[in-house]
Amino acid sequence: MTSNPADDRAFRRRLLTHVDTLAPTVTLNPDRPIPASRQHRAENAPRAVAAAWVYMSCVAAWAEDHDLVRPLMRRAPDGLTRAPTSGTVWLGRAFEQLARHPATQWLLHPAYQPALWAGAPSPAACTTLIDWWADEAPSLAYPATGTAPGSITGWPIGDLLPVLHDDRRTSNALVQTPYWVADLILDETLVPAVDEFRHERLIRTIDPTCGTGHFLIRAVDYLWRWWTTGTITSRAVTTRTPIIGGAALPPAQAANRILASVDGVDIDPLTAAVARLRMTIYIGHLLAEADVLPRPLRLDRIPHTILPRIAVGDSLLVGRISRHEYAQAHPALASLPGAAFPLDDFAWPPEPDTPQSNTPANP
Ligand SMILES: C[S@@+](CC[C@H](N)C(=O)[O-])C[C@H]1O[C@@H](n2cnc3c(N)ncnc32)[C@H](O)[C@@H]1O
4 MTSNPADDRA FRRRLLTHVD TLAPTVTLNP DRPIPASRQH RAENAPRAVA AAWVYMSCVA
64 AWAEDHDLVR PLMRRAPDGL TRAPTSGTVW LGRAFEQLAR HPATQWLLHP AYQPALWAGA
124 PSPAACTTLI DWWADEAPSL AYPATGTAPG SITGWPIGDL LPVLHDDRRT SNALVQTPYW
184 VADLILDETL VPAVDEFRHE RLIRTIDPTC GTGHFLIRAV DYLWRWWTTG TITSRAVTTR
244 TPIIGGAALP PAQAANRILA SVDGVDIDPL TAAVARLRMT IYIGHLLAEA DVLPRPLRLD
304 RIPHTILPRI AVGDSLLVGR ISRHEYAQAH PALASLPGAA FPLDDFAWPP EPDTPQSNTP
364 ANP
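First residue of the sequence shown: 4, per the working numbering; consecutive thereafter.
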């Protein structure tokens, strides 16, 4: 493949055919039903489970295609053969490798991805899916061309999420911005901000509805260039002269500044988990390209200090209502592990009718 397979209609159709094949073979786990908010009708549960398994197989294939994990689907590890009866276990192992970093563990967390734990397709159906990835499916790796992002940015797995999880497109409007539009907006916002705040240690940015991180990844790219070369060039607004004269920092310092500068929030846990995976790997990749991390980059060797600040929450409500009110509006989000609220410097607004504790009693 030389371009994003998520743009290829035949490939998308094939993935949905796999969902059709897996769904009737799903055995539901009665101990872990999909919460009502996600599973609109009980009879949809097997299909939701199948879609979750097929989507995770895409993420695993993408990771294998970039040597980020040991190959388990694209080819069997040396000396091992896959028994047709062990397809479900093999897929489970391929998924488990994706969670071996503190920032990416959430991908497999039952609260982030309940459908993955709500049941499992049959071993034979999983083997058919693995065989397809091994023998027929296209590579999910392709290079950057011109200003178009390469696959190591996670663009294909970001774009495939709403393909397989249609409910995210219809109920959460998970329709993501093409890179050239993101660039145009960053050219008009981030680039002038870099010029104006060039002496600041951080250039704080946020995508409050970050999806799987298309904007975040592009912002990382821009800031990486600024902090490693001292120059930033607009990508879509080609008439603007580059901004020059910044300090060129060592790559590890640039990565730390980026991690403290580029924030994201999404209301959907799985979507945010994919964004965390993408940003962790992309920053790891930039550091490997700069010879700070060993190549080939492996997910389990990315330092645990690379922890993107991507929260799961309702951007319209966090900071505007009290913690108690937020828990009433979004009980599942309020108790979600790893949601990242409150951040160190975040204070919930006071509860209604509660005197502010920091108001002096006798001024
Ligand atoms: C149209 S997508 C945009 C994604 C990304 N910003 C981009 O441009 O590629 C909208 C995203 O906003 C999220 N979202 C919707 N309402 C939200 C809210 N109140 N707080 C945080 N995220 C929200 C959805 O889950 C979805 O992922």
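By construction, the Cβ of each residue, glycine as well, lies at the ideal position given by its N, Cα and C atoms. The structure presented is a predicted model; accordingly, all values stated were derived computationally and were not measured.
{"Check": "Proximity winner among Leu25, Thr20, Pro49, Ala26, relative to proline 3 (alpha-carbon distances)", "Outcome": "The question about residue 3 has no answer, for the chain in this structure spans 4 to 366."}
{"Check": "Contact under 7 angstroms by Cβ, aspartate 186 with glycine 267", "Outcome": "no"}
{"Check": "7 angstroms Cβ cutoff met for leucine 3 and aspartate 70", "Outcome": "Residue 3 is absent from the structure shown; the chain starts at 4 and stops at 366."}
{"Check": "Residues sharing a beta bridge with leucine 31, DSSP", "Outcome": "Gly122"}
{"Check": "Three-pair Cβ contact test at 8 angstroms for the segment 106-118 versus the segment 278-285", "Outcome": "yes"}
{"Check": "Status (buried if at least 16 other CB within 10 Å, exposed otherwise) for threonine 91", "Outcome": "buried"}
{"Check": "Valine 52 (DSSP reduced to helix, strand or coil)", "Outcome": "helix"}
{"Check": "Exposure of valine 223, with buried meaning 16 or more beta-carbon neighbours within 10 Å", "Outcome": "buried"}
{"Check": "Given 8 angstroms, three or more beta-carbon pairs between the segment 117-130 and the segment 241-250", "Outcome": "no"}
{"Check": "Contacts around isoleucine 270, its chain only, beta-carbon distance under 6 angstroms, and the 5 residues preceding and following it disregarded", "Outcome": "Asp317"}
{"Check": "Residues near serine 325 in its chain [Cβ-Cβ closer than 7 angstroms; skip 5 each side]", "Outcome": "Trp351, Pro352, Pro353, Glu354, Pro355"}
{"Check": "Three-state secondary structure assigned by DSSP to threonine 274", "Outcome": "helix"}
{"Check": "Collapsed DSSP secondary structure at threonine 16 in the structure displayed", "Outcome": "First, the amino acid is wrong: residue 16 is arginine here, not threonine. Helix at arginine 16."}
{"Check": "Pair within 7 angstroms by beta-carbon distance, alanine 147 and aspartate 190", "Outcome": "no"}
{"Check": "Straight-line Cα distance separating glycine 153 from threonine 5", "Outcome": "9 angstroms"}
{"Check": "Cβ-Cβ separation, proline 117 to proline 38 (assumed contact under 8 angstroms), whole Å", "Outcome": "6 angstroms"}
{"Check": "N-terminal and C-terminal residue of the beta strand (DSSP E) that aspartate 198 is part of", "Outcome": "Element bounds for aspartate 198: not the beta strand (DSSP E) but the alpha helix (DSSP H), 193-199."}
{"Check": "Assumed close pair glycine 249, glycine 233 - CB separation to whole angstroms, cut-off 8 angstroms", "Outcome": "4 angstroms"}
{"Check": "Complete alpha helix (DSSP H) runs within the segment 126-177 (minimum length 4 residues, chain order)", "Outcome": "126-138, 158-167, 169-175"}
{"Check": "Distance CB(valine 62)-CB(isoleucine 160) smaller than 7 angstroms", "Outcome": "yes"}
{"Check": "Proximity test, proline 217 beta-carbon vs ligand 1 heavy atom, cut-off 6 angstroms", "Outcome": "The question names proline, but residue 217 in the sequence shown is histidine. Answer for histidine 217: yes, Cβ within range of ligand 1."}
{"Check": "Enclosing beta strand (DSSP E) for arginine 312 [first to last residue]", "Outcome": "312-315"}
{"Check": "Minimum C-alpha distance to alanine 151 - residue among Trp136, Thr130, Ile220", "Outcome": "Ile220"}
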